[in-house]
Amino acid sequence: QVQLVESGGGLVQSGGSLRLSCAASESIFSIYDGGWYRQAPGKQRELVARITSGGITNYADSVKGRFTISRDNAKNTVYLQMNSLKPEDTAVYYCNANRRTVLFTEYWGQGIQVTVSS
């Protein structure tokens, strides 16, 4: 069973930056798509950014131009660089890895809190 462990969250002032990391217990990101989701209190979990195994990225409209997703296959890690943070970015952020072949295989991290103060 692959484990995903997030790190890098915390409390930051509006306008500040954080970098989230998602380390996988196995070398999967060269063949799995990686992504970051978030869930704010009382809201549904939403996609923030994802990067395919081929390196194609896409972002939620709310974070375009501020967040950047990347990965380091040698370190089995996906990153989310978050700049110009806003209070509405406050949420629990979850790392995701998925692969669709004959079956759909998916793994989730435990989540990490990001709080942006105004």
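The working numbering puts the first residue of the sequence shown at 44, with every later residue one more than the last. Note that beta-carbon positions come from the ideal geometry of N, C-alpha and C, so glycine has one too. Keep in mind that this is a model prediction, so the values were computed, not measured.
Member of the options whose CA lies at the smallest distance from the CA of residue i
{"i": "Ser-50", "options": "Phe-147, Gln-124, Ser-160 and Leu-128", "result": "Gln-124"}
{"i": "Ile-99", "options": "Arg-114, Asn-126 and Asn-119", "result": "Arg-114"}
{"i": "Val-91", "options": "Val-48, Leu-47 and Phe-110", "result": "Phe-110"}
{"i": "Phe-72", "options": "Lys-129, Ile-112 and Gly-53", "result": "Ile-112"}
Residues near residue i by beta carbon distance below 6 Å, same chain, minus five either side
{"i": "Gly-78", "result": "Arg-93 and Asn-139"}
{"i": "Val-135", "result": "Gln-82, Gly-154 and Gln-156"}
Residues that residue i bridges to, as DSSP identifies them
{"i": "Val-48", "result": "Ala-66"}
{"i": "Gly-77", "result": "Ile-94 and Ala-140"}
{"i": "Ala-134", "result": "Val-157"}
{"i": "Asn-101", "result": "Arg-93"}
Beta-carbon proximity list for residue i, same chain, < 7 Å, skipping 5 on both sides
{"i": "Tyr-75", "result": "Ser-96, Ala-140, Asn-141 and Arg-142"}
Where the beta strand (DSSP E) through residue i begins and ends
{"i": "Ile-112", "result": "110 to 115"}
{"i": "Gly-85", "result": "Where Gly-85 is concerned, there is no enclosing beta strand (DSSP E), given that its DSSP letter is neither H nor E."}
{"i": "Leu-123", "result": "120 to 125"}
Sub-9 Å separation of residue i and residue j beta-carbons
{"i": "Tyr-122", "j": "Ser-64", "result": "yes"}
{"i": "Ser-60", "j": "Val-45", "result": "no"}
{"i": "Thr-120", "j": "Val-55", "result": "no"}
Residue i Cβ short of 8 Å to the ligand PLP heavy atom set
{"i": "Leu-123", "result": "The model on display carries no ligand, and the ligand PLP is accordingly not part of it."}
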